[in-house]
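See structure below.
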Amino acid sequence: MVTPMLLCPLVGMLVVLALPKRATRLIRLVSLVATGAALVFSAGLLGAFQPGATGLQFIERLPWIPQLRIFYHVGVDGLSLPLVLLTTLLGFLACLASGSIHEREKEYYSLYLLLELGMLGTFVALDLFLFYVFWELVLVPMYFLIGIWGGGRREYSAFKFFVYTLAGSLVMLLGILALYATLKTFDLVELAQLGPTLPAALQQLLFVGFFLGFAIKVPVFPFHTWLPDAHVDAPTPISVLLAGVLLKMGAYGFFRISYPCFQEGARWFALALAVLGTINIVYGAFVALAQTDFKRLVAYSSVSHMGFVLLGLASLTPEGMHGALVQMFSHGIVTGGMFLLVGVLYDRAHTRQLDAFGGLGAKVPVFAGFLVFFGMASLGLPGLSGFVGEFLSLAGAFGVWKWQTVVSVLGIVGAAAYILTALQRVLLGPLNERWRALPDMTARELATLVPLLALVLLVGIYPLWLMSLQEASLLQLIAHVKGG
Amino acid sequence: MNALLLESLNAWWPELLLSAGALLAAVAGAMTKRAQPAMAIAWLAVLGAAAALRGAPTDQAGGLFFGVIVCDALACAIRWLVVGMLALVLLMIAGSREVEGWLRGEYVSLLLLVGVGLMLMAEASHLLVAYVGMELVSLSSYALVGLLDDARSAEASLKYLLFGALASGLMLFGISLLFGLTGTLDFAQLLAACRALSAGAFGALLMASALLLAGLAFKISMVPFHFWTPDAYEGAPIPVAAMLSVGPKAAGMAMLLRLVIALTPAWDALQPLLVVLTVATMTLGNLVALAQSNIKRLLAYSTIAQVGYVLIGFVVNSQVGLVALLVYLAAYLFMNLGIFACAIAVVNATGSESLDAFRGLAARAPALALWCAVFLLSLAGIPPLLGFLGKFLIFGSAIAADQLWLALAGILNSAVALYYYVNLIRLMYLVEPQSASPIRPAWPLRVAVGVCGAGTLLLGIFPSALIGWARGSAFVNLL
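So, in structure tokens, the structure goes:
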């Protein structure tokens, strides 16, 4: 079931490439069908998934480059399944939101589908070589999607994104090669068994190598500077995928590769990870507080929110790691929603400056309702998904990294400040006369946001369904890292 | 004729066919004053050579022609690369507007002779044959670089000739030193003789080896013997530059591989120097490429950088490195000739060699721009393209040989190289075109780009056949 899911965007891309440039409606339709089919397949995965079972499920393994013992090896477990669902869901919704793209549609949708293939592949790959191929596959379409359809300094931002992430990946490649040179396998399941037998110093070195690759993607301070540029200049649907999925690829790398394969390195690096997480949380929140551009504010809030993932990871406790995973999923849907809403605003007003608005709450009540909802989810209001992730991360980390956790709470205060300020500047106060004729949300925009809203509520009120998916795999991982 | 000679000739059909084709093409060119008959003859010769190569035996013990030539698996691999290169270059010549009018049968004949010379370089087991092969390549190349009737082409040709003559001189000096030391030029006997040398003669052996390597370094554009490359490429017609960027590099590598085995006793002293030069080659190539605004010069410096990567596979001196080197050479054949073919199409349509000619190519020729981007990304080493696999194996061989610094240098260089490769992609996709008129490449160019593109993409995704081929070619005794 995993391979058909991967084939959806691939086949979709080939069909789009074969269609004439003018057939834009057909191209859109094919893309929607392809991303929708991937969503259906991932829902099928969810339905057939056995939450209690440890280990990987839906495994497919075919020889690819037998001489190097490289396999087409895919499968999912509790760590990757939520992210696969997140990817297919956001992939479909952002495709729906791509209706605002009106130039070079054929190129846009073929690159978009290639991007989805890369993202999905990264989460299901169980062979390190395959993982790297998918990981890199994401870069190229993303470069074009920001560079061609973006706004502002799009060329600069696209290039910065490309160079930053590729530089990180290349260091990771060095790690992959070193790993292969010593263990002669790319199989992640085998590597998880063999990796811990490596000498501690080598494990630490490899951990750092992979860390650089993942840290740039997450992004971990001080490697985050590509993020605000890329997020702000990307077109709305691509910002959604950037924040919603791409950042998770980095964090997922820790769960799938760094932690299982280099347990010695993971334990050794935990303090640094906790400190970096704290810096991310606090620094991201305070920089967000200083932003005047709404999209840039949301971008920096991502830096802050991803800090909780790092803190949870560093704790190595079930609560903390659960928190990290829930936070990844939650950040995907909440920030995805925020970017969609900023896009809604920008499509109408052609500005994102917070000062330019005011009093929109009465003018566009539906939009205002959604913005308040997602804003509250972003600042961690109990009952919504953001709270669950942040609370669990902090609760898990407190027993291990007291000071870092205490300082991190500042970030939550900061989040309240920047979200409430933004809401106030956009929605409250006297109506700026420029927006007298501002229309409220369209049906298409509602269709992209309602599913996210429902999920934010579901995870917020009943987080157990998500956590029960992760539980078995997560406990196994923690036992694996701690033992031995 | 004795049986040995007959057996030798039997394994040597590709070279014979190409030589015969060269002679016929020259005659046809002189008689008809037109290039078409010569081109037809060249095609027949190349296809014949390919057919002959399919059946060519690769397992003669003791070598051919009384031991001066070994048609082993490595030679066979390089001969395949040479035949592939010839076919693609012929397509490019047919599609290039630049050489139209200047092209004559004699030039086609020279091109085939370059092919014969390259094959000789790859299969020589005797320094004299190796030298003859190299000179055949060099002399034909000098004339080909000067093919165009303009000052720039003539200047490039002259510069190339002067540098080349110096390199040949150095090499001959090295050969004579070696002959004086050992009394033989046969590789296998050289190895034995070098091993038997007294400690006092070791300095002279090093000297001779260094001089030989200098001559070869010139051919493969290795720093510090790379100076001719950008000038020659800039002046030469693009198909000739494409030929120079692939053929001599591949054949030179094969010759280098055989030579260092013959000179094994000097290897330990030479390896550190070669490692430094390898890093210098890729670094210099990449850094200078950053500042180029002419597509030919950019590709020249990119070639130098790529040679640096290939050299990693050589200096690690292992079987794994040799496999990686061969895969990289095959990848390089496809992606580099591909990008040159794209450049020809752009220069044909715009008449400009400036990078600005690529502006907005995506709007003017979507398919061409797409393939161009594929070649550039492959050169930059982005998966799942073939160039990535080559880099993966090359850097892997460095790590397997405990040369972590070499791998690190390669990785850092790949990051630098990304800048100028992606810059070209940026110009094609992100910048508005200067003129909206569509570009339609001539059909031979489309075929060349298609073949190179299919190779870069398909072999990148399904590389096991290629790796199998490289392994089969690498597991041989090279002497």
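Chains A and B are the protein sequences, given in the same order.
Under this note's numbering, the residue at position 446 of the first sequence is numbered 446, and the numbers go up by one with no gaps.
Take the position in the second sequence, starting the count at 1, then add 1000; the result is the number in this note's numbering.
The C-beta atom is built at its ideal place from N, Cα and C for all residues, glycine as well.
- For A/W149, the enclosing alpha helix (DSSP H) stretches over residues L139 to W149.
- Per DSSP, the unbroken beta strand (DSSP E) holding A/E60 starts and ends at Q57 to I65.
- Look at B/S1302: its C-beta is not under 8 Å from any C-beta on chain A.
- Beyond the five residues adjoining it in sequence on each side, A/F207 comes within less than 7 Å, by CB distance, of S258, F262, G265, A266 and F269 in the same chain, given in chain order.
- For chain B, the residues of the region 126–141 of chain A that bring a beta carbon within less than 9 Å of one of its beta carbons are F129, Y132, V133, F134, W135, E136, L137, L139 and V140, in chain order.
- Sixteen is the threshold: since fewer than 16 other Cβ atoms of the shown chains lie within 10 Å of the Cβ of B/N1002, the residue is exposed.
- In the displayed model, B/S1109 falls within a helix according to three-state DSSP.
- Interface criterion met: the Cβ of B/R1471 is under 8 Å from a Cβ in chain A.
- Separation of A/G209 and A/M172 (C-alpha to C-alpha, rounded to the nearest whole angstrom) is 5 Å.
- Per DSSP, A/I419 has no beta-bridge partner at all.
- Scanning its chain for C-beta atoms nearer than 6 Å, with the 5 sequence neighbours on each side dropped, one finds around B/Y1233 the residues A1241, K1296 and A1300, in chain order.
- Under the 8 Å criterion on CB atoms, B/F1066 is classed as non-interfacial with respect to chain A.
- Using a 10 angstroms sphere on the CB of A/Y462, the tally of other CB atoms stays under 16, which defines it as exposed.
- Note on B/E1432: under 16 other CB atoms within 10 angstroms of its CB, so exposed under the neighbour-count rule.
- Counting C-beta atoms within 10 angstroms of its own C-beta, A/H350 has fewer than 16 neighbours from the protein chains shown and is therefore classed as exposed.
- In terms of Cβ geometry, A/L469 and A/P4 do not form a close pair [threshold 8 Å].
- Any Cβ of chain A closer than 8 Å to the Cβ of B/P1463 would place that residue at the interface, and such an atom is present.
- Residue burial is scored here from C-beta neighbours: A/F255 has at least 16 other C-beta atoms within 10 angstroms and is therefore classed as buried.
- At least one CB of chain A lies nearer than 8 Å to the CB of B/P1383.
- The residues V1279, in chain order, have a CB closer than 6 Å to that of B/A1409 in the same chain once the five nearest residues on each side in sequence are set aside.
- Along the region 217–243 of chain A, there is no position whose C-beta sits under 9 Å from a C-beta of chain B.
- Cβ contact annotation for B/A1398 (same chain, cutoff 6 Å, sequence separation greater than five): I1312, V1316, L1406 and A1407, in chain order.
- The beta carbon of A/F374 sits no closer than 8 Å to any beta carbon of chain B.
- Selection A/T292, A/G277 and A/E116 evaluated against A/V245 yields A/E116 as nearest (Cα-Cα).
- Within chain B, the residues placing a beta-carbon under 9 Å from that of A/V163 are A1415, L1418, Y1419 and V1422, ordered along the chain.
- Distances from the alpha-carbon of B/E1135 to those of B/L1148, B/L1120, B/D1149 and B/G1146 put B/L1120 closest.
- Rounded to the nearest whole angstrom, the CA to CA distance from B/V1288 to B/A1305 is 10 Å.
- Chain A has a Cβ within less than 8 Å of the Cβ of B/F1395.
- Taking C-beta separations shorter than 8 Å and ignoring five residues to either side along the sequence, the partners of B/A1035 in its chain run G1029, L1103, R1104, G1105, Y1107 and V1108, following chain order.
- Among the residues of chain A, those whose CB is under 8 Å from the CB of B/L1377 are V140, following chain order.
- If you draw a straight line from the Cα of A/T185 to the Cα of A/L179, it comes to about 8 Å.
- With contacts defined as CB atoms closer than 8 Å, A/L86 and A/F329 qualify as a contacting pair.
- With a threshold of 16 other beta carbon atoms within 10 Å, B/A1251 meets it and is buried.
- Distance from the CA of B/G1396 to the CA of B/A1363, rounded to the nearest whole angstrom, comes to 39 Å.
- Residues of chain B whose Cβ lies closer than 8 Å to the Cβ of A/A215 do not exist; the shortest such Cβ separation is about 16 Å.
- B/S1354 is bridged by DSSP to B/N1294.
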